[in-house]
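According to the numbering used here, the sequence shown is numbered sequentially starting from 64.
Glycine included, each C-beta is placed from N, C-alpha and C at the ideal position.
In this text, all values refer to a predicted model and were calculated from it rather than measured experimentally.
These notes concern the structure reproduced below.
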Amino acid sequence: MADAPHLTEPTGDFQTLHEFVTAAKRKLPANIWDYLIGATETETTMRRNRLALDTVALRPRVLRDVSAVDTRGTFFGKTSRLPVMLAPVGSLESFHPGGAAEAGRAASAFGVPIIVSSVTHPGLEESAAAAAGRKIFQLYVRGDDAWVNDIVRRAIDAGYEQFCFTVDTASYSRRERDIAKRFVKPWRAAATGVEFQAALSWDNIKRFKDKWSIPLMLKGIGTAEDAALAVQHGVDTIYVSNHGGRQLDHGRGSLDVLVEVVEAVGGRASVVMDGGINRGTDVVKAIALGADAVAIGRLYCYALAADGAAGVVAMLELLETEVAIALALLGVNRLADLNRSHLHVGAPSVTAPHVHSAFPLLAPTPEIPR
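This is how it looks when you write it as structure tokens:
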């Protein structure tokens with residue numbers, strides 16, 4: 064239970080979310096910074112992630128006694144301090160030498176789950192050991208069924224509560240910020256077995272569900288049709304994502320996709336969404352539209368680069384404060400009370416969408432702050 068929002072004041076070195084962006088920019092090499100903030104080709108999908116969030120306005124109710132506000136969320140039968148998880152991000156060690164272990168320590172310390180990527184260090188077991196709290200393992204398929212089965216066994220033995228396939232990477236995209244600098248991430252240059260990811264099909268999902276009891280998450284669902292198929296195949300968590308705009312160019316914003324996916328799922332599976340989540344009001348909008356939780360990617364990478372695990376915890380605390388204030392001003396005491404009556408869909412956007420448009424104080428150069 065959070066304190067009354069008007070009593071909540073941030074302390075420490077970071078007192079606004081945009082300060083993590085500035086600190087990360089200062090610390091990271093230019094190539095890594097561009098890798099982090101970039102997206103595919105024209106970067107339209109990434110911009111639409113923000114546009115979808117920015118064109119939903121909030122409808123506040125008043126005189127509702129919001130002297131006590133609860134920011135906790137429930138995901139897959141368990142309570143989290145916020146309905147937020149750390150998204151699977153490759154090469155976390157590029158932002159902090161501790162990689163997924165450092166991020167996992169932060170997630171557990173604050174009280175939210177982390178989804179550990181199969182293409183980040185220090186690896187499946189070491190990352191699990193560092194994260195005492197809730198954790199999910201995400202896989203890019205780089206081998207045959209026997210190869211996958213071995214990794215699933217290891218994930219179960221290491222204590223991951225769900226297993227996740229990323230399903231929107233049948234082909235690797237052209238990320239022109241990197242290409243223009245002739246920059247290739249080391250793990251990408253060494254990648255083998257990408258043909259197995261391209262060949263992934265619903266038959267693989269059926270085989271997984273027939274063999275394993277660990278709950279299954281599919282990340283990269285972008286339509287109601289695929290959400291319905293996932294539910295038919297017994298998938299436990301539908302993860303709406305366009306890879307932060309880093310895969311298919313000219314896609315839709317994730318919040319726009321969320322609406323049709325929630326309707327197609329009809330409560331038969333959990334629903335998670337990522338894509339442009341940078342503020343507490345973003346979290347509130349997604350929950351009001353039916354998401355069980357949201358995942359954050361770039362935002363926690365900024366905090367990780369800025370100050371390691373302590374930075375990620377501080378970032379989550381600021382996000383929690385923003386959520387609590389939004390709930391109070393909407394006239395609700397808890398996230399479960401949110402619904403579409405609190406939203407006005409189709410409001411005009413007041414800021415041109417880009418990767419940092421949620422942080423106008425980063426002006427005059429939003430993508431390269433002072």
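| query | result |
| --- | --- |
| Separation of Ala209 from Thr134, as counted between CA atoms | 42 Å |
| Chain-order list of residues whose beta-carbon lies under 8 Å from that of Glu383 (same chain, five-residue window excluded) | Ala65, Thr134, Arg144, Leu145 and Gly343 |
| Assumed close pair Leu41, Glu165 - CB separation to whole angstroms, cut-off 8 Å | Only positions 64 to 433 of the chain appear in the structure, and residue 41 is not among them; the question remains open. |
| Backbone secondary structure at Val418 - three-state DSSP | coil |
| Candidates Cys364, Ala399 and Ala120: closest to Leu406 by CA position | Ala120 |
| Below-8 Å beta-carbon distance, Glu82 vs any chain C residue | Within the model displayed, chain C is absent; a lone protein chain is all it includes. |
| Terminal residues of the alpha helix (DSSP H) in which Phe259 lies | Val257 to Ala261 |
| Buried versus exposed call for Thr291 [16 or more other C-beta atoms within 10 Å across all chains shown] | Per the sequence shown, residue 291 should be read as Ala rather than Thr. Buried. |
| The beta strand (DSSP E) enclosing Gln295, as first and last residue numbers | Here Gln295 belongs to no beta strand (DSSP E); instead the alpha helix (DSSP H) covers Ala287 to Gln295. |
| Exposure label - Ser420; buried when at least 16 CB within 10 Å | buried |
| Residue(s) in a DSSP beta bridge with Gly136 | Ser143 |
| Beta-carbon contacts of Gln225 that lie in its chain and below 6 Å, excluding the five residues immediately before and after | Ile199, Pro278 and Met280 |
| Distance between Leu263 and Lys272 (C-alpha atoms, nearest Å) | 14 Å |
| Chain-order list of residues whose beta-carbon lies under 7 Å from that of His159 (same chain, five-residue window excluded) | Glu165, Leu367, Ala368 and Gly371 |
| Backbone CA spacing between Trp275 and Arg216 [nearest angstrom] | 9 Å |
| Cβ contact check for the region 310–318 and the region 294–301: 3 or more pairs under 8 Å | no |
| Exposed unless 16 or more other CB atoms sit within 10 angstroms - verdict on Ile242 | exposed |
| Nonlocal neighbours in the same chain, by C-beta distance under 7 Å from Thr414, ignoring five residues either side | Asp117, Ser420 and Pro423 |
| Contact set for Arg240: own chain, Cβ-Cβ below 6 Å, skip 5 residues either direction | Asp97 and Gly101 |
| Alpha carbon of Asn94 to alpha carbon of Asn212, nearest angstrom | 35 Å |
| His69 in three-state terms, based on DSSP | Residue placement at His69 cannot be trusted, given a pLDDT of 44 that sits under 50; the coordinates are not used to answer. |
| Contact belief for Met109 with Gly308 at Cβ below 8 Å, rounded distance in angstroms | 3 Å |
| Cβ separation of Gly256 and Gly206, assumed to be a contact under 8 Å, to the nearest whole Å | 5 Å |
| Host beta strand (DSSP E) of Val119 (start-end) | Val119 to Leu121 |
| Where Met378 sits in the DSSP three-state scheme | helix |
| Sheet register partners of Cys227 (DSSP bridge) | Gln201 and Met280 |
| Which of helix, strand or coil DSSP assigns to Met64 | Model confidence at Met64 stands at a pLDDT of 42, short of 50, so the residue's coordinates are unreliable; what they give is reported in the following sentence. Here Met64 sits in coil by DSSP. |
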